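Those letters in the sequence shown? Residues 281 to 673, per the numbering used here, in order. A short write-up of the structure that comes next.
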Amino acid sequence: MNQNDHLSSNMATGDRFIKQNLKSGRESNSGGNISIISIESTTVMLLQNGRVITWGKNSDDNQVPPRIAEFAELQDIVSISATKSAFSALRADGSVSIWDSFLNDLLPPQSKVNKMKNIVSVSSIPIRDVFTGLRADGSIASWGAVDFLNTALPRMCGLSLHNIISLSATEQSFAALRADGSVVSWGLDFLPTPPEIAALKDIVSLSSTNNTFVALRANGNVVSWGVEIIPPEIAKLQDIVSITTNYNYAAALRADHSVVSWWGIVVPPEIAALKDIVSLSATPYAFAALRADRSVVAWGDIDIGGTLPLKIAQLNDIVSLSAADCAFAALRADGSVVAWGQPSRGGYVPPEIAKLKDIVSLSASHSAFAALRADGRSVGWGGGDTKAHGEYD
Numbered sequence: 281m282n283q284n285d286h287l288s289s290n291m292a293t294g295d296r297f298i299k300q301n302l303k304s305g306r307e308s309n310s311g312g313n314i315s316i317i318s319i320e321s322t323t324v325m326l327l328q329n330g331r332v333i334t335w336g337k338n339s340d341d342n343q344v345p346p347r348i349a350e351f352a353e354l355q356d357i358v359s360i361s362a363t364k365s366a367f368s369a370l371r372a373d374g375s376v377s378i379w380d381s382f383l384n385d386l387l388p389p390q391s392k393v394n395k396m397k398n399i400v401s402v403s404s405i406p407i408r409d410v411f412t413g414l415r416a417d418g419s420i421a422s423w424g425a426v427d428f429l430n431t432a433l434p435r436m437c438g439l440s441l442h443n444i445i446s447l448s449a450t451e452q453s454f455a456a457l458r459a460d461g462s463v464v465s466w467g468l469d470f471l472p473t474p475p476e477i478a479a480l481k482d483i484v485s486l487s488s489t490n491n492t493f494v495a496l497r498a499n500g501n502v503v504s505w506g507v508e509i510i511p512p513e514i515a516k517l518q519d520i521v522s523i524t525t526n527y528n529y530a531a532a533l534r535a536d537h538s539v540v541s542w543w544g545i546v547v548p549p550e551i552a553a554l555k556d557i558v559s560l561s562a563t564p565y566a567f568a569a570l571r572a573d574r575s576v577v578a579w580g581d582i583d584i585g586g587t588l589p590l591k592i593a594q595l596n597d598i599v600s601l602s603a604a605d606c607a608f609a610a611l612r613a614d615g616s617v618v619a620w621g622q623p624s625r626g627g628y629v630p631p632e633i634a635k636l637k638d639i640v641s642l643s644a645s646h647s648a649f650a651a652l653r654a655d656g657r658s659v660g661w662g663g664g665d666t667k668a669h670g671e672y673d
């Protein structure tokens, strides 16, 4: 998981560090204001006009959560975020609107959330039903499950939570990157930042798995804190330019355009030997890499994207990758899109969308994909079915 909030791929490496699609497993936003999120069997997609559309069924009562209808009337949403039971919508004026899909008392009264102003981005811990918003002044605000907040907020009191520029989250804790290149963390398991890492002033990005934070330093070195420890052969490297994480594992792109991984999902020898990889993307148990010749390679769990279909493996016109929990999608140079993985969770592109030639960017939730078209319209697929959704006519 990475809550640098899913920066789109940048092929240039002259400035050493590559911004790329770093996956959280819950939501992603790699193209303009388009965003897509999923809770259980409900998917919500943000359109370019600031409104949302939904599809899917509530697994409890076979009804789309009724409170979503309230948000269909909003016309100023700029991004959306989700936990396992709730949605938050960031609006153009920097305020936040919320709704709770399954639990009536999970979230605070909307009036309290409305007092939060100047929010510029929102991160979440899905399993704990808690959100943290980053304000324009570099401070933060949190809302969500009372049990988490009652435990975590007192631990925040002694921390210097200012000048924050990005947030990352494990399943239990948040970490923040400050403008001076230092980091700080807090949460249920606390994952206190070790003194030797807290003293650093050269961290350029944060990533996370379900139980460990990973930080990339300006010197190309990687450090971590939490449950897992960086293996010695990775810790000694000084040429890492980007990190991609998923549920338990991590991979890194090196300056020579090769890739390394640790904590599992070993890179196959034929892929480890490549020196032309330009970006990485990840499902929870698989990785995909875009090569300089615009072809793609993948490895990991074959059921969730670790093996490429032959037709996709033969393509050499792919310009970007996106990943959900059980599938990958790829944008081609002609503006079309292909996908692989579990069909109902994004691995099958419906014919109405497969025929399009005007797609300019992709986004992903844990079970669905959204595509932004050149004219500003949006389409989506996955989320528990194999139908086309959105503006595909």
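For each residue, glycine too, the CB sits at the ideal point set by N, CA and C. Here the structure is a predicted model, which means the values were calculated and not measured.
Asked                                                                                                                                                   : Found
Distance check for residue 356 and residue 415, CA to CA, integer angstroms please.                                                                     : 18 Å
Which stretch, first to last residue, makes up the alpha helix (DSSP H) that contains residue 692?                                                      : For the chain, the structure presents residues 281 to 673; residue 692 sits outside this window and is missing.
Could you pull the start and end residues of the alpha helix (DSSP H) that residue 414 belongs to?                                                      : That residue, residue 414, is in no alpha helix (DSSP H); its beta strand (DSSP E) goes 410-415.
Residue 563 and residue 608 look like a contact to me (Cβ under 8 Å); what is the Cβ gap, rounded to whole Å?                                           : 7 Å
With distance defined between alpha-carbon atoms, name the residue in 460, 445, 503 nearest to residue 473.                                             : 503
Between the C-alpha atoms of residue 673 and residue 639, what's the straight-line distance to the nearest angstrom?                                    : 13 Å
Spatial neighbours of residue 547 within its chain, please: C-beta separation below 7 Å, excluding the five flanking residues on both sides.            : 539, 540, 541, 579
Assuming the contact rule is C-beta atoms closer than 8 Å, residue 336 and residue 664 should be a hit. Round their C-beta distance to whole Å, please. : 5 Å
Between 475, 409, 556, 529, which lies nearest to residue 225 when the distance is taken from Cα to Cα?                                                 : Residue 225 is absent from the model: the chain starts at 281 and stops at 673.
Output the boundary residues of the alpha helix (DSSP H) element that contains residue 239.                                                             : What is shown of the chain runs 281 to 673, which leaves residue 239 out entirely.
Quick check: the stretch 554-562 against the stretch 587-596, are at least 3 beta-carbon pairs closer than 8 Å?                                         : no
State the DSSP-derived secondary structure class of residue 657, mapped to helix, strand or coil.                                                       : coil
Apart from the five residues on each side of it in sequence, which residues of its chain come closer than 7 Å, Cβ to Cβ, to residue 311?                : Confidence is the limiting factor: at residue 311 the pLDDT is only 38, short of 50, which leaves the residue's position unreliable and the question unanswerable from this model.
Just to confirm, is the Cβ distance from residue 419 to residue 441 under 8 Å?                                                                          : yes
Can you look up residue 509 in the DSSP assignment and give me helix, strand or coil?                                                                   : coil
For the alpha helix (DSSP H) containing residue 372, name the first residue and the last one.                                                           : Residue 372 -> no alpha helix (DSSP H), and no H or E assigned at all.
Residue 590: buried (16+ other C-beta within 10 angstroms of its C-beta) or exposed?                                                                    : exposed
According to DSSP, residue 326 sits in a beta bridge with which residue or residues?                                                                    : 315, 332
Spatial neighbours of residue 668 within its chain, please: C-beta separation below 7 Å, excluding the five flanking residues on both sides.            : 630, 632, 633, 659, 661
If we require 4 or more residues per run, which alpha helix (DSSP H) segments fall completely within the stretch 547-620?                               : 549-552, 590-593
Since residue 634 is in the alpha helix (DSSP H), which residue starts that stretch and which ends it?                                                  : 631-634
Going by the beta-carbon positions, is the gap between residue 611 and residue 576 smaller than 8 Å?                                                    : no
Helix, strand or coil for residue 429, going by three-state DSSP, please let me know.                                                                   : helix
Going by CA-CA distance only, name the one from 671, 647, 315, 613 that's closest to residue 321.                                                       : 647
Could you compute how far the alpha carbon of residue 574 sits from the alpha carbon of residue 615?                                                    : 14 Å
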